[in-house]
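Everything on this sheet refers to the single structure shown next.
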């Protein structure tokens, strides 16, 4: 009996491995985010791949598509080695695999390619997929560590970004996210009631603590480790937050810490919003002729920014009409992985 195809879109990050399984002949999908720090033993990625393949290979013909941003991990000598090492985890498998290439789209894993067209190409998948949906789009993917701003004008991607360096330079890649980003990279001091609170530039707390305290990102969607490798409770987040200001947490300073968390959130939101506004002012005629599409674990921030500016907003899930369960990992949470699985499915069907 002929097996149905199983399409897996892999997005290999430095700290997390994300994959989406799409099934042949129906709209079923499965999304997963796994903590997998590449600077730990390299075998961990192969173990994840093997586990997924072993679960499905008896019943399905597995077809992989791979994108990445983990090639910049400092375990690798350079990005070229990173790309090759990550892809080597797939080459040894007895399955069909493709790579996402900015210049050519999906290509067989054994093809010749320039490593820079594969390195950190995951953002481009969003541009490629959404460019057919609406004339003008500003897609914003706020993840654990970075924010990608994807610009589509007249159904074409107009990003200047070709790699991380050019993305940072053009402000289309912001190295700020809602989980792993250290607080001192967002703000260095704050004033409350005429008192100045200085942020210690140590990895005592991260933005995940801010968004947990403010109930913006529930603990169950926080897929990163904490700064002190301890629990993801609100109390533990208060303890970590107090530490970056040089004092200890107690119930007496809980209100102060909540106010500090709100101020940090305001600064963070303002920085991201300012960059988005500059792209919109530069590239679009009015606030009515483009659509804001939010995605990533920090998509609530995108929604807040859009609402404040009265921009037309939609989450990725709603924009492309995906049925989803908001209580589990869904396509908006790992957009490149999900959209890659869809591109792969379209390629074969």
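Residue numbers (my numbering): 1438 to 1786.
Even for Gly, the Cβ is constructed at its ideal location relative to N, Cα and C.
Fair warning: this is a prediction, and the values are worked out from it, not measured in the lab.
What does the alpha-carbon distance come out to for the pair residue i and residue j?
i: residue 1566; j: residue 1777; result: 9 Å
i: residue 1529; j: residue 1449; result: 17 Å
i: residue 1625; j: residue 1638; result: 8 Å
i: residue 1678; j: residue 1707; result: 20 Å
i: residue 1698; j: residue 1646; result: 9 Å
i: residue 1585; j: residue 1463; result: 30 Å
i: residue 1632; j: residue 1731; result: 36 Å
i: residue 1689; j: residue 1527; result: 53 Å
i: residue 1786; j: residue 1559; result: 22 Å
i: residue 1489; j: residue 1720; result: 42 Å
i: residue 1701; j: residue 1600; result: 29 Å
i: residue 1476; j: residue 1570; result: 38 Å
i: residue 1669; j: residue 1705; result: 21 Å
i: residue 1574; j: residue 1589; result: 5 Å
Between residue i and residue j, how many whole angstroms is the CB-CB distance? I'm expecting something under 8 Å.
i: residue 1460; j: residue 1446; result: About 13 Å; that fails the 8 Å criterion.
i: residue 1636; j: residue 1681; result: 5 Å
i: residue 1518; j: residue 1557; result: That belief does not hold up - the Cβ atoms of residue 1518 and residue 1557 are roughly 14 Å apart, past 8 Å.
i: residue 1504; j: residue 1563; result: Not really, about 10 Å apart at Cβ, beyond 8 Å.
i: residue 1766; j: residue 1472; result: Rounded, the Cβ-Cβ distance is 13 Å, inconsistent with contact.
i: residue 1709; j: residue 1738; result: 7 Å
i: residue 1512; j: residue 1524; result: Contact doesn't hold; Cβ gap of about 15 Å is too wide.
i: residue 1771; j: residue 1468; result: 6 Å
i: residue 1568; j: residue 1593; result: 6 Å
What does the Cβ neighbour count give for residue i, buried or exposed, with the cut at 16 atoms within 10 Å?
i: residue 1606; result: exposed
i: residue 1780; result: buried
i: residue 1492; result: exposed
i: residue 1495; result: exposed
i: residue 1644; result: buried
i: residue 1541; result: exposed
i: residue 1768; result: buried
i: residue 1617; result: buried
So which of the options has the shortest CA-CA distance to residue i?
i: residue 1748; options: 1584, 1493, 1774 and 1727; result: 1727
i: residue 1613; options: 1735, 1772 and 1438; result: 1735
i: residue 1510; options: 1657, 1666, 1578 and 1521; result: 1521
i: residue 1782; options: 1590, 1499 and 1744; result: 1499
i: residue 1583; options: 1675, 1481 and 1452; result: 1452
i: residue 1580; options: 1551, 1572 and 1611; result: 1611
i: residue 1640; options: 1685, 1664, 1695 and 1536; result: 1664
i: residue 1502; options: 1473, 1555 and 1751; result: 1555
i: residue 1651; options: 1629, 1703, 1761 and 1756; result: 1703
i: residue 1440; options: 1465, 1470 and 1497; result: 1497
Is any non-hydrogen atom of the ligand SAM found closer than 7 Å to the C-beta of residue i, if you look at the structure I gave you?
i: residue 1698; result: No copy of the ligand SAM occurs in the structure displayed, which carries no ligand at all.
Hey, which unbroken runs of the beta strand (DSSP E) at 3 residues or more fall wholly within the stretch 1621-1689? For the beta strand (DSSP E) assignment, the uninterrupted runs of no fewer than 3 residues enclosed by the stretch 1621-1689 are, from N- to C-terminal side, 1626-1629 and 1632-1635.
Whole beta strand (DSSP E) runs in the stretch 1534-1588 with 3 or more residues, listed along the chain? Entirely contained in the stretch 1534-1588, the beta strand (DSSP E) runs reaching 3 residues are, in chain order, 1542-1545 and 1574-1579.
Could you tell me which uninterrupted beta strand (DSSP E) segments, each at least 3 residues in length, are contained entirely in the stretch 1693-1733, listed from first to last along the chain? Here the runs fully enclosed are 1728-1732.
Pick out the complete alpha helix (DSSP H) segments inside the stretch 1470-1532, 4 residues or longer, and give them in chain order. Here the runs fully enclosed are 1480-1493 and 1516-1528.
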